[in-house]
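Here my numbering is used: the first residue of the sequence shown is 2, the next is one more, and so on.
Notes to accompany the following structure.
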Amino acid sequence: MSLPLAHLSLLRPLLAGVRARGVDPEPVLNSAALTEESISRDDTTVHVMVVHEFLESCARAVQDPTFSSRVAEELNPCGWPMVASAVQQGGSLADFLSTYVSGANTVESSVPAYLHLRGALAEFGETRHFRPATPPAQNDGYMIGLSLAMLRHVLGTRLDAKQVTLIVCDPRVLPEDWSSFQILRGDEMGARIQFPSHWLPYDLRARR
């Protein structure tokens, strides 16, 4: 099995978020043996546990356990090439998520994304192919925040939080004002979102 690697460029929004909180990012970078130069390059990869440690260090530095989920929630999801490509394809929510999953899995094989349909329930998430040495709490928060940003972008006001379940290894990483969602504690093998499967045929062009 290949090593679980991740692109350092994914950390740029977190680095910007640390600065936006008025915190010097240099000690945070040093704690994970990273440099700003390495994060600025598009082709640099590291073991995914380095990314996990960096996210945890960011949250400690800004003294906010919800830091990673907040940063991801505020991102423009179309800034990610895979999301922009899925949006451009148009069609239904199912088409959008399927296109995203297909694109994401061409660049990330250690934590593949998936879309599962189980009767009245759809599940969108990722599955780790390795067991982390430490709980990937901040990474789960970041992925849930990004996934929510994607769903909000394509569904608009049709996203009913009361019908959505968020599953992470440590619910404390999610903000208190997300209490409209059902939040469950999962394992360490991947964050996921569950929502009604009847949303899947929703037309992306019909956002309200």
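All C-beta atoms, glycine included, are put in the ideal place defined by N, C-alpha and C.
Every value quoted in this text rests on a predicted model; they were computed, and no experiment measured them.
### Residues of its chain near residue 134, where Cβ-Cβ distance is below 7 Å and the 5 sequence neighbours each way are ignored
These residues qualify, in order along the chain: 50.
### Query
Are the Cβ atoms of residue 175 and residue 167 separated by less than 8 Å?
In contact: residue 175 and residue 167 (Cβ atoms closer than 8 Å).
### Message
Can you confirm whether the stretch 65-78 touches the stretch 26-45 when touching is taken to mean that 3 or more C-beta pairs between the two stretches lie within less than 8 Å?
### Response
Touching, no, given that fewer than three Cβ pairs across the two stretches are closer than 8 Å.
### Message
In this structure, how does DSSP classify residue 180 when only helix, strand and coil are distinguished?
### Response
Three-state result, residue 180: coil.
### Message
I'd like to know whether the C-beta atoms of residue 187 and residue 112 end up nearer to each other than 8 Å.
### Response
It is not a contact, given that the beta carbons lie outside the stated cut-off.
### Task
Have a look at residue 169 and residue 145 and give me their C-alpha separation to the nearest angstrom.
Here the alpha carbon of residue 169 sits roughly 8 Å from the alpha carbon of residue 145.
### Alpha-carbon to alpha-carbon, residue 199 and residue 26
The straight-line gap separating the alpha-carbon atoms of residue 26 and residue 199 is approximately 44 Å.
### Query
Mind checking whether the beta-carbon of residue 125 lies closer than 7 Å to any heavy atom of the ligand NAP?
Judged by which ligands are present, the structure shown has none, so any question about the ligand NAP falls away.
### Query
I think residue 195 touches residue 124, with their Cβ atoms under 8 Å apart; what is that distance to the nearest whole Å?
Confirmed, about 5 Å.
#### Entry: Where residue 210 falls: helix, strand or coil (DSSP)
As shown, the chain starts at 2 and ends at 209. That puts residue 210 outside it, with no answer to give.
### Task
Could you check which residue in 13, 143, 56, 117 has the C-alpha nearest to that of residue 32?
Just measuring C-alpha positions, the residue of 13, 143, 56, 117 sitting nearest residue 32 is 56.
### Query
CA-CA distance, residue 202 and residue 95?
In a straight line, the C-alpha of residue 202 is about 6 Å away from that of residue 95.
### Message
Is it buried or exposed, residue 100, if we count other Cβ atoms within 10 angstroms and call 16 or more buried?
### Response
It is buried - the Cβ of residue 100 has at least 16 other Cβ atoms within 10 Å.
### Query
Between residue 39 and the rest of its own chain, which residues show a CB-CB distance below 6 Å, the 5 nearest in sequence each way excluded?
Only residues of its own chain outside the window of five on either side were considered, and among them 9, 45 have a CB closer than 6 Å to the CB of residue 39, listed in chain order.
### Task
Please report how far the alpha carbon of residue 78 lies from the alpha carbon of residue 91, in whole angstroms.
One C-alpha to the other measures close to 15 Å.
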